[in-house]
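What follows is one structure encoded as structure tokens, with my remarks underneath.
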Amino acid sequence: MNRTPFLGTLFAVASLFAMGCQERTAEAPRTSPAAAPAAASAAPAADQWLGKWNGPEGTFVQIAGGNGQYEVTVQNLDGPRTFKGTAAGERLEFERDGVRESVRATDGAQTGMKWLSEKKDCLTVKAGEGYCRD
Numbered sequence: 002m003n004r005t006p007f008l009g010t011l012f013a014v015a016s017l018f019a020m021g022c023q024e025r026t027a028e029a030p031r032t033s034p035a036a037a038p039a040a041a042s043a044a045p046a047a048d049q050w051l052g053k054w055n056g057p058e059g060t061f062v063q064i065a066g067g068n069g070q071y072e073v074t075v076q077n078l079d080g081p082r083t084f085k086g087t088a089a090g091e092r093l094e095f096e097r098d099g100v101r102e103s104v105r106a107t108d109g110a111q112t113g114m115k116w117l118s119e120k121k122d123c124l125t126v127k128a129g130e131g132y133c134r135d
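Residue numbers (our numbering): 2 to 135.
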């Protein structure tokens with residue numbers, strides 16, 4: 002029996018096998034969505050409200066800060082006052098004159114103020130106290 006053709010075939014099969022393994026190991030590892038790192042927790046809704054929001058007759062609310070801690074400046078007919086606020090879910094809460102107030106996103110109609118009724122991007126503290134982006 003002549004072993005040369007058999008050894009040649011065996012060598013060819015081994016070479017193909019080795020090349021196939023090299024191609025597999027050269028591929029970038031695949032990650033499944035479950036293996037991906039968890040997304041960072043979302044910023045509080047109030048972080049989207051930073052800046053100045055205008056009301057009628059020169060009133061406004063201005064929100065500064067972020068990451069759940071805020072300074073809320075309310076300008077009404079008596080002048081501006083600043084309060085410390087904190088994020089609470091979809092609201093921003095602050096205390097004014099011993100009363101716990103909360104700011105929430107609404108449209109103009111939900112402010113309860115006819116001057117703002119056509120606006121779309123607003124914040125409301127309570128009925129009759131609202132502010133909108135121009």
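C-beta: ideal position from N, C-alpha, C; glycine also.
For this session: Check residue 124 in the structure and name its three-state DSSP category.
Result: The sequence position of residue 124 within the sequence shown is 123, counting from 1. Strand.
Problem set entry | residue 46, DSSP secondary structure in three states | To locate residue 46, count along the sequence shown from 1; it is residue 45. It is helical.
Exercise. Using a Cβ-Cβ distance under 7 Å, would residue 60 count as near chain D?
Worked result: No chain D is present in this structure, which holds just one protein chain.
Exercise. Can you list, in chain order, the residues of its chain whose CB lies under 8 Å from that of residue 50, leaving out five sequence neighbours each side?
Worked result: Taking the sequence shown and counting its residues from 1, the one referred to as residue 50 is at position 49. Same-chain partners within the cutoff: 64, 93, 104, 106 and 124.
For this session: In the DSSP assignment, find the unbroken beta strand (DSSP E) run with residue 130 in it and report its ends.
Result: Start at 1 with the first residue of the sequence shown, and residue 130 comes out as number 129. Here the beta strand (DSSP E) through residue 130 covers 130-133.
Exercise. Candidates 77, 60, 135 and 88: which alpha carbon is nearest residue 71's?
Worked result: Position 70 of the sequence shown, counted from the first residue, corresponds to residue 71. Checking every option, the nearest Cα to that of residue 71 belongs to 88.
Exercise. Considering only C-alpha positions, which residue in the set 99, 122, 113 and 129 is nearest to residue 52?
Worked result: Your numbering for residue 52 matches position 51 in the sequence shown. Ranked by how close their Cα comes to the Cα of residue 52, the residues 99, 122, 113 and 129 have 122 in first place.
Exercise. Tell me which same chain residues have a C-beta within less than 6 Å of the C-beta of residue 102, skipping the five on either side of it?
Worked result: Indexing the sequence shown from 1 puts residue 102 at position 101. Only 95 and 126 meet the Cβ criterion.
Exercise. Which two residues bound the contiguous beta strand (DSSP E) that contains residue 72?
Worked result: As a position in the sequence shown, residue 72 is number 71, starting the count at 1. Residue 72: member of the beta strand (DSSP E) spanning 70-77, first to last residue.
Problem set entry | Residue interval of the beta strand (DSSP E) (run including residue 80) | If you number the sequence shown from 1, residue 80 lands on position 79. 80-89 is the span of the beta strand (DSSP E), which, as asked, contains residue 80.
Problem set entry | Pairwise C-alpha distance: residue 115 and residue 67 | Stepping through the sequence shown from its first residue, residue 67 is reached at position 66. Stepping through the sequence shown from its first residue, residue 115 is reached at position 114. Their Cα atoms are separated by approximately 31 Å.
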